[in-house]
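Below you'll find the structure, written out as structure tokens, and then a few comments.
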Amino acid sequence: MIHTGHSKFLTSFLILAEAILLSGVLSAQNRVQVPRTEWGHPDLQGVWNFSSDVPMQRPEEFGSRQFLTAEEIEQLRARRAVADANSDSALAIEGVDESYNDFWIENAGIGELVRTSHIVYPENGQLPSLVTGAIARQGIYGGATTGEKRPVRIAAGGIGTDGPEDRGLSERCIIGFNAGPPFVPSLYNN
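Under the working numbering, think of the first position of the sequence shown as 174, with each following residue one higher.
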């Protein structure tokens, strides 16, 4: 007969050995090979959809609440269904080549967990005031209207016409005037 002390030791040893073997098998299953670029960085190339129906700043009615309730989500879905049924994309439009219609607008859809705003800090979901010395963007067209001296901060337009370096990033096709950071959806090239 095996002594009680030996059987407890043997049982503990077997449990520990099994846990070690299983952890190795489970961790091997979770390893994912992330695609890499030819220079070794994670490959994030491609077309990324950043559409969202969540507002950047939280409407005041939600206070510090970060998520909608299930009832609010259902009300939102019902309003969306009515709006979709009455949208231009549901109607035949003559001369559509002369104007935009809703066919080209991609809405994000409503998931099960809906934030009340993209901003989560500060807790009120509102953009904080600019700190002293920060440059306030007073328009989108170049240094003539904002006094900006660095074209990289200009959405469209520029500070001169001597070369591409004098133009804003959207005119140089580096980013669009509706691009980020932060990347937020807009109706243009959505």
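Backbone N, C-alpha and C define an ideal beta-carbon position, used for all residues, glycine too.
G336 versus D226: straight-line alpha-carbon distance, rounded: Walking along the sequence shown from the start, residue 336 turns up at place 163. Walking along the sequence shown from the start, residue 226 turns up at place 53. If I take the Cα positions, the gap works out to 39 Å.
Residues near P228 by beta carbon distance below 6 Å, same chain, minus five either side: On the sequence shown, residue 228 is found 55 positions in, with the first residue counted as 1. Here the set comprises S290.
I188 (DSSP reduced to helix, strand or coil): Translated into the one-based positions of the sequence shown, residue 188 becomes position 15. Three-state result, I188: helix.
P215, DSSP secondary structure in three states: In the sequence shown, counting from the first residue as 1, residue 215 sits at position 42. Three-state result, P215: strand.
Nearest neighbour of S224, chosen from G284, V304 and S343 [CA to CA]: Stepping through the sequence shown from its first residue, residue 224 is reached at position 51. If we check each option's Cα against that of S224, G284 comes out closest.
Counted within 10 angstroms of its Cβ, other Cβ atoms place I332 as buried (16 or more) or exposed: One-based indexing of the sequence shown puts residue 332 at position 159. Looking at its Cβ environment, which holds 16 or more other Cβ atoms inside 10 Å, I332 is buried.
Alpha-carbon to alpha-carbon, S302 and A256: Looking up residue 256 in the sequence shown gives position 83. Looking up residue 302 in the sequence shown gives position 129. About 35 Å.
Exposure label - R204; buried when at least 16 CB within 10 Å: Here the question's residue 204 lines up with position 31 in the sequence shown. That one is exposed.
Euclidean distance between Cα positions of V287 and E344: The count along the sequence shown starts at 1 and reaches residue 287 at position 114. The count along the sequence shown starts at 1 and reaches residue 344 at position 171. Their backbone Cα atoms lie some 35 Å apart in a straight line.
Simplified DSSP state of R252, which is helix, strand or coil: Locating residue 252 in the sequence shown gives position 79, where the first residue counts as 1. Helix, per DSSP.
Assigned secondary structure, Q311 (DSSP; H/G/I helix, E/B strand, else coil): In the sequence shown, counting from the first residue as 1, residue 311 sits at position 138. In this prediction, Q311 has a pLDDT of 47, which is less than 50 and means its spatial position is unreliable; nothing more can be read from the coordinates.
Nearest-angstrom beta carbon gap, L300 and Q239 [assumed within contact, 8 Å]: The residue labelled residue 239 in the question sits at position 66 within the sequence shown. The residue labelled residue 300 in the question sits at position 127 within the sequence shown. In fact, because the Cβ distance is near 16 Å, the residues do not count as touching under 8 Å.
Status (buried if at least 16 other CB within 10 Å, exposed otherwise) for G341: Taking the sequence shown and counting its residues from 1, the one referred to as residue 341 is at position 168. Its Cβ being crowded by 16 or more others within 10 Å, G341 is buried.
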